[in-house]
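Asks: Chains as they are written, first to last, in UniProt numbering: chain E, 1 to 510; chain D, 1 to 520.
What follows is a structure written as structure tokens; I'll ask about it next.
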Amino acid sequence: MAVLQLQLAPPMFAYRWPGWEVVVGIEVHAQIKSRRKLFSETLTSTLSEAPNTHVSPYDAAFPGTLPRLNPTCVKLALRTALALQSDIHLRSAFDRKHYFYADLPSGYQITQQYSPLATGGVLELPNLGTSVRVKQIQLEQDTAKSTFDRRRKLSHIDLNRAGTGLMEIVSEPDMRSPEQAAEYVRTLQALLRAVGSSDGNMEQGSMRCDVNVSVNRQGEPPGTRCEIKNLNSVKFMMIAIASEVYRHIDLIDAGGTVSQETRGFDEDRAETFRLRSKEDAPDYRYMPDPNLPPLLLTSKFIDIARQSMPELPRATRARLLDVGLTENNVDVLMAVDSGRDIGFDGEMKQGAVAYFDALAEGRDPKVVVNWMTHELLGQLMSRNQTFSHNPISVAQMGELIDLVQAGTVTGTGGKSVLRHLLDNPSSTSVHTIAEQLGLLALEAGEETDKALNDWCKQAISALPKEAEAARKGNERVLNKLVGRVMKLSQGRVDAIRTKEVLSGMLVQGK
Amino acid sequence: MHVSRVLAAESWRAAVESRNKCINALIAVAPNTSTHGPSTSQTKSAKLEGLSLAVKDNIATRDLRTTCASRLLSDYTPPFDATAVRLLRDAGASVIGKANCDEFGMGSLNTHSAFGPVVNPYDPNARRSAGGSSGGSAAAVAAGFCDAALGTDTGGSVRLPASYCGVVGFKPSYGIISRWGVVSFADSLDCVGVLTHTVKGAQAVFDVIAQHDPRDPTAAPTHVRKRASAAVRKHAWGGEHTDGDLKGLRIGIPQEYFPAELSPPPGLHTLLSHLQSHGASLVPVSLPATRAALSAYYVLASAEASSDLARFDGVRYGQHVPPAPGTTASTADVYAHTRSVMLGREVRKRILLGSFALSAGAFDNYYLQAQRVRSRVRSDFDAVFRVPNALRAPPAASTSNPITDIVAPNEPGVDVLLHPSAIGPAPPLPSLEETETGKEREESLDTYLQDVLTVPASLAGLPALSVPLNPRSPHGDETNSDIGEGEWPVGVSVVGQWGADELVFRVGKVVEKVVREMKS
Chain E
1 MAVLQLQLAP PMFAYRWPGW EVVVGIEVHA QIKSRRKLFS ETLTSTLSEA PNTHVSPYDA
61 AFPGTLPRLN PTCVKLALRT ALALQSDIHL RSAFDRKHYF YADLPSGYQI TQQYSPLATG
121 GVLELPNLGT SVRVKQIQLE QDTAKSTFDR RRKLSHIDLN RAGTGLMEIV SEPDMRSPEQ
181 AAEYVRTLQA LLRAVGSSDG NMEQGSMRCD VNVSVNRQGE PPGTRCEIKN LNSVKFMMIA
241 IASEVYRHID LIDAGGTVSQ ETRGFDEDRA ETFRLRSKED APDYRYMPDP NLPPLLLTSK
301 FIDIARQSMP ELPRATRARL LDVGLTENNV DVLMAVDSGR DIGFDGEMKQ GAVAYFDALA
361 EGRDPKVVVN WMTHELLGQL MSRNQTFSHN PISVAQMGEL IDLVQAGTVT GTGGKSVLRH
421 LLDNPSSTSV HTIAEQLGLL ALEAGEETDK ALNDWCKQAI SALPKEAEAA RKGNERVLNK
481 LVGRVMKLSQ GRVDAIRTKE VLSGMLVQGK
Chain D
1 MHVSRVLAAE SWRAAVESRN KCINALIAVA PNTSTHGPST SQTKSAKLEG LSLAVKDNIA
61 TRDLRTTCAS RLLSDYTPPF DATAVRLLRD AGASVIGKAN CDEFGMGSLN THSAFGPVVN
121 PYDPNARRSA GGSSGGSAAA VAAGFCDAAL GTDTGGSVRL PASYCGVVGF KPSYGIISRW
181 GVVSFADSLD CVGVLTHTVK GAQAVFDVIA QHDPRDPTAA PTHVRKRASA AVRKHAWGGE
241 HTDGDLKGLR IGIPQEYFPA ELSPPPGLHT LLSHLQSHGA SLVPVSLPAT RAALSAYYVL
301 ASAEASSDLA RFDGVRYGQH VPPAPGTTAS TADVYAHTRS VMLGREVRKR ILLGSFALSA
361 GAFDNYYLQA QRVRSRVRSD FDAVFRVPNA LRAPPAASTS NPITDIVAPN EPGVDVLLHP
421 SAIGPAPPLP SLEETETGKE REESLDTYLQ DVLTVPASLA GLPALSVPLN PRSPHGDETN
481 SDIGEGEWPV GVSVVGQWGA DELVFRVGKV VEKVVREMKS
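What follows is the structure, encoded as structure tokens:
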């Protein structure tokens, strides 16, 4: 609960630790959303799959196996670098980082220590009106997953994840509060999803953060930093940073000093704990990987990546506002859009924004967005479904809007057709469905006028009290009578015309 | 054809059964499958139909254990064949067994093997070394167990045993034969090599396995191979060993390979003068970075070994040796214990040396310095060869035909270099005690000189062929233990520019022919 309040607090958060300055830098490890692993042809896996079912001899580091770079991973990392306005290096290289652990089959992780794919860059945080500089972006391998069975005192190793491509995105220490750190991670997450390079799913572990925190008294140089490893939710990251800040302040206040450490985070106790000191820091014995030639990119390759870049969130927002949608409309559309599935290998799946764009082709964007947000999304929500469940094609939805706009189906009738389509998905034309349901609006003419007169009379005699009130000028009650007529006509008559007829009858009857 | 294959199979099996026990060249012998009918090669080209092949035990075979002659991997059978093995099997070769070697390819006497040393078959009673690390491969060919053997050469491991055992040994250009399935010792130096009786035989095997393999990221792409062959055709000597006249063949004699301490092997001067009298020019050349090359080699090979062998820790790969009960061991101790117990002394030494070279404080002064030396070694070679280095030719991204895009020849460069393969004939095997304590490597001058002869070509990735300088007459009396020092085999090496493997074979055939003429 406390966290939620923090989140909503205005950007003046320093009141929590007056007189102190906080410096935060973040290393994000984002799994590349590629079909295959970084250096093998093995398909990548999801958490739901049985352990050790996505493993080739290379992934398990069988002696004699060799890596082969998956160019799709490079393309997706390039998209990230372009989105972050980084300097992409035409020549980058792979290095080995050595350590002994059972989740690292070969004894080294292939990464880009000495010549990363890209350096520099910036991530703007529009909600805070600030930005965070990016230091570098590098490609590397994910490790296997190890879990410890305390009861049986056994470590379980699942190699499904071993060798999946990761992008390590390192920020400069530009953040000054847990809230800024959170906004950075959320904005980065949305950006990665927008370009399709990662699904950025922290709960599923496809995006993880290491956070560097230091604290100093105002006016003094930055303090000693501590790194908190492996934070896997934005909420826990904020708690971890705050807890680490208080720890530093307490230490300094008590006359002590902060020592440079790598720390973990205990979610239950909401505090960090020491993993190792600087003195215990392992020497990773980095070495250029002798198996992998330098990664040489041509400017043409980068241009192609640039041209195939999906629209970035900022541009989408600007464009939607530009066609006349309200901030609120845009927020809804983009929030729904950000929940869309991220396709493999950069394939862009259709989300709410793309659906809107297609519908708005040749139609009034405001009418379209009302149908989408109020009716379609509203109906889906009442069915506990997300937009990905929407069975109505753009063509069908467009036809429905057109039929209503043309008066062929009334607004009420249109909503009935929509509900029907959600309950009974079909590819039949909306006109046919409306016809089958008897929901086509009655065409203007003597017959319709006669029928409307009959339904109005029925409504008045069925609801005498309401009729009396309406006669005295009660608008709201008049609407109730209109509703009754709509029901009697199954929504086939025009509401405004009905109102006119009813009013006429009531005045006459006076 | 079917019948002859079975007969061939029986003949090698008999030789192995009678002589392998004392030579110890093979550490695993293929089970008798002749009753299973013809091999799967029937539908393929079968260029090497019936060829019997021994495979060094650090090259993966799916049907035979691949132990790298290490106790640590004594139970390991890979789930796949190395690409070179697969190509040879597809061409009709049958694998007769796995050849002994120094553990993970580290050593030059084939004494660092969990299976015991290989005894030089030239005269087993004399108990001399077969050389290393591909000692079992060379000995298997020399003993007549097989037509050909695969070895690996990281710093001379094919050429040296070939020289000691009196067979032909070829280390190709780096990147020409796939390393898929070769258990890495030092990835940037490891090459699959071929050992046979004749140069022609070595070339036949080489031709089958010199294929681009997409599974080897260090494999030279096809267009680079073509560019190298085109450069050789255009700029190098174009003759054959069948020509009486060697006019135009320029042979470089690298002065650093003939130090004052070393007396050239008997026969070398005769060979050189014969070559000259046939019209070849002998050109003294200098490769000034040679001296520094050795230190660079030991730093780089050990650094890569410390990385490549990291997976052999008894948890991920290799037999686990639990620490003594009751001892409290950290995670690091658990790994260290297995590695200390199960890896041999030479391997442990190189891992420690390599780990140091990569440590944060040493990296710049050792590893990076060694890389700079390595690039000087390459430049040295490029400066003496007439054929330009296809790997350094301007990248031909913009031209439509990369093959024609060859830089001008280096005149007056040489076609090949020629030097002894070893500083002398096979030394006696050390006693068991000497092996355990490491005494046998303490004749440091010899070790140094020996490495001078083979390591530079490894650093530069060049093709190098060792041809026997004093071949035994066919079917010599092998029981005669009274062999004079001068009769023990010694080889001469032909070294060419990167990608000039075919030229090296051609000159190798010339040498082979001249050596025969010398004998008669």
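Cβ atoms here follow ideal geometry from the backbone N, Cα and C, with glycine treated the same way.
A quick note: this is a predicted structure, and the numbers were derived from the prediction, not measured.
Looking at the secondary structure, which residues open and close the alpha helix (DSSP H) in which E:N479 lies?
Replies: If you number the first sequence from 1, residue 479 of chain E lands on position 479. Segment E475 to S489, the alpha helix (DSSP H) holding E:N479.
Asks: For D:R316, would you say it is in contact with chain E, using Cβ-to-Cβ distances shorter than 9 Å as the test?
Replies: If you number the second sequence from 1, residue 316 of chain D lands on position 316. It does; some Cβ of chain E falls within 9 Å.
Asks: If D:G344 sits next to D:S133, beta carbons under 8 Å apart, how far is it from one beta carbon to the other, in whole angstroms?
Replies: Your numbering for residue 344 of chain D matches position 344 in the second sequence. Your numbering for residue 133 of chain D matches position 133 in the second sequence. Not a contact, Cβ separation roughly 12 Å.
Asks: Taking the alpha helix (DSSP H) that E:I401 belongs to, which residues open and close that run?
Replies: The residue given as residue 401 of chain E occupies position 401 in the first sequence. Start and end: V394 to Q405.
Asks: Comparing the C-beta of E:H156 with each C-beta of chain D, is any distance below 9 Å?
Replies: For the purposes of this step, residue 156 of chain E is identified with residue 156 of the first sequence, where counting begins at 1. Judged by the 9 Å Cβ criterion, E:H156 is not in contact with chain D.
Asks: Quick check on this structure: which residue in E:E49, E:R383, E:L69 and E:E41 has the alpha carbon closest to the alpha carbon of E:P57?
Replies: Locating residue 57 of chain E in the first sequence gives position 57, counting from the first residue. Among E:E49, E:R383, E:L69 and E:E41, the Cα nearest to that of E:P57 belongs to E:E41.
Asks: Let me see if you follow: with CB-CB separation under 9 Å, is D:W498 close to chain E or not?
Replies: For the purposes of this step, residue 498 of chain D is taken as residue 498 along the second sequence, with counting starting at 1. With 9 Å as the cut-off, D:W498 does not count as an interface residue toward chain E.
Asks: Given this structure, state the Cα-to-Cα distance separating D:G193 from D:G155, to the nearest angstrom.
Replies: Walking along the second sequence from the start, residue 193 of chain D turns up at place 193. Walking along the second sequence from the start, residue 155 of chain D turns up at place 155. Whole-angstrom Cα-Cα distance: 12 Å.
Asks: Can you find the residues in the same chain that come closer than 6 Å, C-beta to C-beta, to E:D174, ignoring five residues on each side of it along the sequence?
Replies: The sequence position of residue 174 of chain E within the first sequence is 174, counting from 1. These residues qualify, in order along the chain: V132 and R133.
Asks: Looking only at its own chain, which residues have a Cβ that is under 7 Å from the Cβ of D:V3, when we skip the five neighbours before and after it?
Replies: Here residue 3 of chain D refers to the residue found at position 3 when the second sequence is read from its first residue. Unreliable positioning characterises D:V3 in this predicted model, as indicated by a pLDDT of 39, which lies under 50. The coordinate reading is nonetheless provided below. Cβ within range, chain order: n/a, list empty.
Asks: Under three-state DSSP, which class holds D:E485?
Replies: If you number the second sequence from 1, residue 485 of chain D lands on position 485. Here D:E485 sits in helix by DSSP.
Asks: Closer than 8 Å by beta-carbon distance: list the chain D residues that pair up with E:H89, in chain order.
Replies: One-based indexing of the first sequence puts residue 89 of chain E at position 89. None at all; the shortest Cβ gap to chain D is about 17 Å.
Asks: For D:A231, does the three-state DSSP call read helix, strand or coil?
Replies: To locate residue 231 of chain D, count along the second sequence from 1; it is residue 231. Helix at D:A231.
Asks: Identify each residue in the segment 100-111 of chain E for which the Cβ-Cβ distance to at least one residue of chain D is less than 7 Å, and report them in chain order.
Replies: Listed by position, the residues of the segment 100-111 of chain E near chain D (Cβ gap below 7 Å) are F100, A102, P105, S106, G107 and Y108.
Asks: Buried or exposed: where does D:R516 fall if 16 or more other Cβ atoms within 10 Å of its Cβ makes it buried?
Replies: The sequence position of residue 516 of chain D within the second sequence is 516, counting from 1. So D:R516 counts as exposed.
Asks: Less than 9 Å between the C-beta atoms of E:L478 and E:L506, yes or no?
Replies: Taking the first sequence and counting its residues from 1, the one referred to as residue 478 of chain E is at position 478. Taking the first sequence and counting its residues from 1, the one referred to as residue 506 of chain E is at position 506. Yes, they are a contact pair.
Asks: Using a Cβ-Cβ cutoff of 8 Å, what residues of the segment 213-247 of chain D are near chain E? List them in chain order.
Replies: Listed by position, the residues of the segment 213-247 of chain D near chain E (Cβ gap below 8 Å) are P214, R215, D216, P217 and T218.
Asks: Buried or exposed, going by whether 16 or more other CB atoms sit within 10 Å of the CB of D:N365?
Replies: Here the question's residue 365 of chain D lines up with position 365 in the second sequence. By the neighbour-count rule (16 or more Cβ atoms within 10 Å), D:N365 is not buried but exposed.
Asks: Excluding sequence positions up to five away, which residues of its chain have a Cβ less than 8 Å from the Cβ of D:G78?
Replies: Numbered from 1 along the second sequence, position 78 holds the residue referred to as residue 78 of chain D. The sequence as given places Pro at residue 78 of chain D; Gly does not occur at that position. So the list reads A60, T61, R62, T66 and G181, once near-sequence residues are dropped.
Asks: Quick one: is D:V182 near chain E, going by C-beta distance under 9 Å?
Replies: On the second sequence, position 182 is the one that residue 182 of chain D refers to. Closer than 9 Å: yes.
Asks: Are at least three pairs of beta-carbons, each pair with one atom in the segment 347-365 of chain D and one in the segment 252-270 of chain D, less than 8 Å apart?
Replies: No: the two stretches stay apart, fewer than three of their Cβ pairs being nearer than 8 Å.
Asks: Using a Cβ-Cβ cut-off of 9 Å, state whether E:T130 counts as contacting chain D.
Replies: Taking the first sequence and counting its residues from 1, one reaches residue 130 of chain E at position 130. Chain D, which has no Cβ nearer than 9 Å to the Cβ of E:T130, makes this no.
Asks: So that I know if they touch, is there some Cβ in chain E lying closer than 9 Å to that of D:L64?
Replies: Within the second sequence, numbered from 1, the residue matching residue 64 of chain D stands at position 64. No, D:L64 lies away from the interface with chain E (no Cβ there is under 9 Å from its Cβ).
Asks: Can you name, in chain order, every residue of its own chain whose Cβ lies under 6 Å from the Cβ of E:V332, other than the five neighbours on each side?
Replies: Start at 1 with the first residue of the first sequence, and residue 332 of chain E comes out as number 332. Hits under 6 Å: T373.
Asks: Using 9 Å as the limit for Cβ to Cβ distance, is E:R150 near chain D?
Replies: Taking the first residue of the first sequence as 1, we reach residue 150 of chain E at position 150. No, E:R150 lies away from the interface with chain D (no Cβ there is under 9 Å from its Cβ).
Asks: Taking contact to mean at least 3 C-beta pairs separated by less than 8 Å, is the segment 306-323 of chain E in contact with the segment 70-88 of chain E?
Replies: Segments in contact, yes.
Asks: Helix, strand or coil for D:Y317, going by three-state DSSP, please let me know.
Replies: Here the question's residue 317 of chain D lines up with position 317 in the second sequence. Correct three-state label for D:Y317: strand.
Asks: Please return the same chain residues whose Cβ sits closer than 7 Å to the Cβ of D:Q203, not counting the five positions on each side in sequence.
Replies: By 1-based counting over the second sequence, the position of residue 203 of chain D is 203. Cβ neighbours of D:Q203 beyond the five flanking positions: F505.
Asks: Using CA coordinates, which residue listed in E:E244, E:K153, E:G343 and E:Q204 is at the minimum distance from residue 512 of chain E?
Replies: An answer regarding residue 512 of chain E cannot be provided, because it is not within the stretch 1 to 510 covered by chain E.
Asks: Taking beta-carbon pairs under 9 Å, can you tell me which members of the segment 262-290 of chain E lie near chain D?
Replies: From the segment 262-290 of chain E, only D283, Y284, R285, Y286, M287, P288, D289 and P290 have a Cβ closer than 9 Å to chain D.
Asks: Please name the residues in the segment 52-64 of chain E whose beta-carbon is closer than 8 Å to at least one beta-carbon of chain D, in chain order.
Replies: Answer in chain order: P57, A61, F62, P63 and G64.
Asks: Out of D:L453, D:E256 and D:R472, which one is the CA nearest neighbour of D:T198?
Replies: Within the second sequence, numbered from 1, the residue matching residue 198 of chain D stands at position 198. Checked all of D:L453, D:E256 and D:R472; the closest Cα to D:T198 is D:R472.
Asks: Under 9 Å, Cβ to Cβ, is there at least one residue of chain D near E:R68?
Replies: Taking the first sequence and counting its residues from 1, one reaches residue 68 of chain E at position 68. Yes, its Cβ sits closer than 9 Å to a Cβ of chain D.
Asks: Is D:F170 buried or exposed, if buried means 16 or more other CB atoms sit within 10 Å of its CB?
Replies: Your numbering for residue 170 of chain D matches position 170 in the second sequence. The residue is buried, with at least 16 neighbouring Cβ atoms inside 10 Å.
Asks: Label E:L47 either buried or exposed according to how many other C-beta atoms from any shown protein chain fall within 10 Å of its C-beta, with 16 as the threshold for buried.
Replies: Taking the first residue of the first sequence as 1, we reach residue 47 of chain E at position 47. Exposed, since its Cβ has fewer than 16 Cβ neighbours within 10 Å.
Asks: Comparing the C-beta of E:W17 with each C-beta of chain D, is any distance below 9 Å?
Replies: For the purposes of this step, residue 17 of chain E is identified with residue 17 of the first sequence, where counting begins at 1. Judged by the 9 Å Cβ criterion, E:W17 is not in contact with chain D.
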